[in-house]
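Everything on this sheet refers to the single structure shown next.
Number of protein chains: 2
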Amino acid sequence: MATQDMSSEVRSGEQRAVRFHPPSFDIRVETVPIPQLIEPDDAIVKVTLAGLCGSDLHVYRGHEEVDAVMTSGHEFVGEVTALGESFKSDVSGRPSLYSTLQVGDKVVSPFTVSCGECHFCRMGFSARCVHSALFGTPDLPGGQAQYVRVPKAGGTLLKIEDITSLFHGQTQLADTSLILLADILPTGAFAALQALQHPKVSALIHNTSYPYNGFVPKHVPFDTVQLTASDRTITFAVIGLGPVGICALVSLLDMLEDISTITYRVVAIDPNVSRREKCQSVLTSMESDVKSAHVVVADIDESENIVKDWTGGVGCDAVLEVVGNNSALTLAYDIVRPFGVISSVGVHQGPPLPFTGRDVYNKNVSFEFGRCPVRAILPIAAAILLKRQDVFGGVGGSASLIDKILGFDEAPEIYKVFNEGGCGKILFDPWRS
Amino acid sequence: MATQDMSSEVRSGEQRAVRFHPPSFDIRVETVPIPQLIEPDDAIVKVTLAGLCGSDLHVYRGHEEVDAVMTSGHEFVGEVTALGESFKSDVSGRPSLYSTLQVGDKVVSPFTVSCGECHFCRMGFSARCVHSALFGTPDLPGGQAQYVRVPKAGGTLLKIEDITSLFHGQTQLADTSLILLADILPTGAFAALQALQHPKVSALIHNTSYPYNGFVPKHVPFDTVQLTASDRTITFAVIGLGPVGICALVSLLDMLEDISTITYRVVAIDPNVSRREKCQSVLTSMESDVKSAHVVVADIDESENIVKDWTGGVGCDAVLEVVGNNSALTLAYDIVRPFGVISSVGVHQGPPLPFTGRDVYNKNVSFEFGRCPVRAILPIAAAILLKRQDVFGGVGGSASLIDKILGFDEAPEIYKVFNEGGCGKILFDPWRS
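Protein sequences, first through last, are from chains A and B. Converting from the first sequence to the numbering used here requires adding 14 to each position, the first position being numbered 1. Converting from the second sequence to the numbering used here requires adding 14 to each position, the first position being numbered 1.
Below you can see the structure in the form of structure tokens.
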């Protein structure tokens with residue numbers, strides 16, 4: 015199908031979309047119906063930019079056992095073109111977007127649906143909302159299309175105006191920057207936050223020995239142990255330097271810079287040379303006070319020696335695992351210290367975890383697994399996005415997270431290249447010929 | 015060997031000890047040499063009471079692959095009879111016990127050696143001290159003997175006088191109570207503390223949605239979500255109601271009572287009827303303000319329905335796993351909520367963990383695994399011990415944690431009975447005929 019102008023698309027009721035055909039490695043650009051409102055809480059969003067994400071490759075490779083043709087993609091920004099009945103009725107007590115969202119508003123969507131009204135949403139665990147659904151699955155057509163239906167849209171969507179007003183409208187952000195809020199920047203920030211907030215790591219930040227940095231029962235006497243400067247030099251690793259891994263690294267560095275009382279070291283690890291080069295360029299490009307001298311980018315084998323040398327054999331205080339396979343988890347285990355934290359945001363698949371009960375007992379390992387609650391993490395991710403436009407503001411440069419913007423026609427080929435590690439993060443402009 | 019009085023034992027240079035003979039189920043009471051000082055940091059302790067612990071059964075059943083005859087046991091209280099050269103020399107900068115410990119002092123020992131002078135010890139991770147050694151292994155003869163050699167004794171031992179002075183000498187504690195500090199009460203308290211301190215649980219305590227209850231970067235705006243009373247009713251499970259499980263339950267209840275701002279529910283789970291009965295008796299016997307009405311003791315099958323009913327299908331906020339096998343871990347996974355915490359203090363063995371990567375990703379599970387750092391937890395455990403003498407003060411009653419005190423002659427038989435779940439916690443008096 016040839017590219018048409020938007021109005022004729024709408025009239026025809028058809029749109030173009032990037033579709034996955036099972037079982038694997040089969041991406042096609044097809045003409046499908048424009049989605050319609052189904053539920054009263056739905057919105058229809060006209061997509062201006064859609065992302066291709068590392069976790070799309072799990073489907074592409076056939077690891078997710080998808081058994082139906084589906085529209086791909088879970089990252090998109092766009093403009094509201096239609097709103098369900100809920101947006102016009104009395105919605106007191108519901109998320110504010112049910113009262114305020116208008117046709118024409120610019121929005122970004124987290125990669126999962128969240129209602130904003132259940133226990134999980136209120137608690138900040140929005141990725142496990144009782145109405146959770148993942149864009150780009152057989153159950154919910156994805157963002158690599160010209161239009162997307164967004165369920166529970168008053169809970170799910172984020173109005174760009176609300177994001178920038180959180181920061182007093184201090185800046186305008188390009189769509190190429192905002193789309194990072196759909197998944198990869200919050201996911202990276204979540205990986206860093208899970209590590210820094212864990213009591214077995216935050217003890218170091220609070221200059222207090224564990225467990226006296228957190229809740230302890232009343233009336234417990236405790237003579238604070240004097241920690242040495244070397245005790246308080248925190249060592250992190252980030253495993254996986256794809257786009258999410260770089261987001262995790264930049265988020266971690268940004269957060270560490272807020273903690274004036276500690277020193278830190280980070281080893282950023284990937285076996286892929288071009289990813290390591292990209293990471294090094296990003297670090298070099300960072301303009302402000304992040305101490306990139308404390309960051310070493312390394313291959314896997316080197317990394318184990320670096321951690322050993324830095325820590326005298328103790329190991330990393332925390333490891334951010336941003337890959338999602340057992341090799342990465344095993345490396346994380348090998349380089350984390352006893353009583354250390356493995357913050358895993360990789361999308362893990364069917365194989366059993368590569369540890370025995372004795373392994374995890376003997377090293378006193380803490381694991382954080384699972385999906386980022388984007389809605390909950392968004393204020394933090396947005397603050398990082400605004401502050402670090404030196405990293406997140408560009409497209410196509412050697413230090414840019416986003417490699418290029420393509421039309422849908424190039425989707426089948428670029429999925430192949432991306433799967434082989436031959437390019438960085440790709441965005442699709444659904445309206446480009 | 016017939017029982018002798020102590021002085022003749024010392025003269026003869028021989029003592030009686032409970033010894034494990036590989037590969038399994040073979041416990042003998044034998045005459046062995048009294049241990050001597052080897053290193054300058056050593057102490058020799060004359061044992062007044064030694065404990066039999068559930069984790070001794072891992073060795074007994076042959077699961078630890080012990081390949082040499084060894085003296086069993088890792089819980090003991092006693093009196094110092096000899097001290098190495100370090101205790102007589104200039105020890106400035108070393109743990110205070112190197113200056114203050116005297117022959118004749120009453121002491122309790124954590125179940126592992128910790129030097130008090132390495133990074134791990136300073137950080138409160140004493141169970142993974144670089145000099146760590148576990149009593150009752152081929153490498154370090156255990157406490158079920160008349161005398162024990164304690165390495166790094168100035169870091170490892172706890173002087174009873176120092177424990178009681180932490181609490182202004184407010185009470186005298188019997189040896190039958192103090193021996194609980196060697197392992198099971200700190201381990202239970204650690205299980206509870208890991209759950210309560212975890213950011214994904216402590217958010218509820220702080221009435222703040224995750225992750226805004228912990229460290230967040232500066233300048234992040236956030237409108238606090240209003241949590242409902244029902245959001246803030248915390249639900250816990252304790253899996254395994256042996257002596258450590260009951261210590262975990264009592265510690266948890268004691269800690270929860272310190273948090274006036276929340277309500278809570280606890281399901282205490284064990285498939286063994288007599289353990290459930292013991293747990294129920296303990297709860298009934300608790301005199302003070304612990305709301306035992308909020309605690310239900312249940313069999314495994316019932317427990318899943320109870321959690322479902324209580325939480326409307328959400329699941330437990332945290333599960334304390336105090337068993338150490340894959341059935342217990344699987345149950346913990348099944349009943350914990352998404353973004354919940356599994357605090358596992360069970361001593362896990364060789365089998366692989368019973369989860370796939372997808373299992374742990376899809377439920378956003380947090381796991382805390384491993385051995386209690388007794389030295390670090392001790393002030394907390396001691397506070398609980400003193401406050402809850404209604405539970406920890408007795409021997410042999412229906413609500414007592416300690417079932418009976420036996421002489422070594424009965425060791426082979428009682429190991430068998432204990433292994434079959436036929437008795438509660440047993441102590442040995444090494445001097446009883």
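Glycine included, C-beta positions come from ideal geometry on N, C-alpha and C.
Straight-line measurement puts the Cα of B/Val215 at about 10 Å from the Cα of B/Thr222. The bridge partners DSSP lists for A/Leu148 are A/Thr126. The contact set of A/Ile394 on chain B, defined by CB atoms closer than 8 Å, consists of Pro225, Val230, Pro231 and Val234 in chain order. Annotation: the continuous beta strand (DSSP E) that includes B/Ala57 extends over Ala57 to Leu66. A/Val350 has a beta carbon lying at 8 Å or more from every beta carbon in chain B.
By the rule that beta-carbons nearer than 8 Å mark a contact, A/Ile219 touches chain B.
With respect to A/Tyr278, A/Phe250 sits close: the two C-beta atoms are nearer than 8 Å. The beta carbon of A/Ser358 is closer than 6 Å to those of Glu335 and Phe383 in its chain, skipping five residues each way along the sequence. With respect to the 8 Å criterion, A/Thr151 and A/Met84 are classified as neighbours on the basis of their beta carbons. The beta-carbon of A/His72 is placed no less than 8 Å from the nearest beta-carbon of chain B. The residue among A/Phe39, A/Phe432, A/Ala82 and A/Thr325 with its C-alpha nearest the C-alpha of A/Asp153 is A/Ala82. B/Thr201 carries a helical assignment under DSSP once its states are collapsed to helix, strand and coil. Using a Cβ distance threshold of 8 Å, B/Ala342 and B/Gly256 do not count as a contacting pair. Linking B/Asp268 to B/Ala312 through their CA atoms gives a straight-line distance of about 20 Å.
Close to B/Val361, with beta-carbon spacing below 8 Å, are these residues of chain A in chain order: Tyr375. Nearest Cα to A/Arg42 within the set A/Asp443, A/His133, A/Arg389 and A/Asp423: A/Asp423.
In the three-state reduction of the DSSP assignment, A/Tyr161 falls in the strand class. Residue pairing for B/Thr277: DSSP places it in a beta bridge opposite B/Thr247. Counting only Cβ-Cβ distances below 8 Å, B/Ser380 has contacts in chain A at Ser380, Phe381, Glu382 and Phe383, in chain order.
With distances taken between CA atoms, A/Val164 lies nearest to A/Ser146 out of A/Asn319, A/Ser146, A/Leu270 and A/Ala203.
Taking C-beta separations shorter than 7 Å and ignoring five residues to either side along the sequence, the partners of A/Glu89 in its chain run Ala64, Gly65, Cys67, Phe125, Gly157, Ile193, Ala196 and Asp197, following chain order.
B/Leu334 sits in a strand when the DSSP states are folded into three classes. Only exposed fits A/Val431, as fewer than 16 other CB atoms lie within 10 angstroms of its CB.
Here DSSP, grouped into helix, strand and coil, assigns A/Gly354 to strand.
A Cβ-Cβ distance of about 19 Å is found for the pair B/Ala243 and B/Ala332, leaving them out of contact under the 8 Å criterion.
Looking at the DSSP output, B/Phe381 sits in a beta bridge with A/Phe381 and B/Ile356.
Residue pairing for B/Thr370: DSSP places it in a beta bridge opposite A/Pro366.
Straight across, the Cα-Cα distance linking B/Arg351 with A/Trp445 is about 42 Å. By DSSP's assignment, A/Arg30 forms a beta bridge with A/Thr45. The Cβ atoms of A/Phe34 and A/Ser86 sit closer than 8 Å to each other. For B/Gly92, the enclosing beta strand (DSSP E) starts and ends at Glu89 to Leu97. Contact residues of the segment 241-259 of chain B toward chain A are Leu241, Thr242, Ser244 and Asp245 (C-beta to C-beta distance below 9 Å). Chain-order list of chain A residues neighbouring B/His133: Asp245 and Val328, by C-beta distance under 7 Å. Taking a beta-carbon distance threshold of 8 Å, A/Leu180 counts as an interface residue toward chain B.
Beta-bridge annotation (DSSP): B/Val252 is paired with B/Ala282 and B/Leu334. As for any alpha helix (DSSP H) of minimum length 4 sitting wholly inside the segment 388-442 of chain A, the runs are 388-401, 403-406 and 425-433, ordered along the chain.
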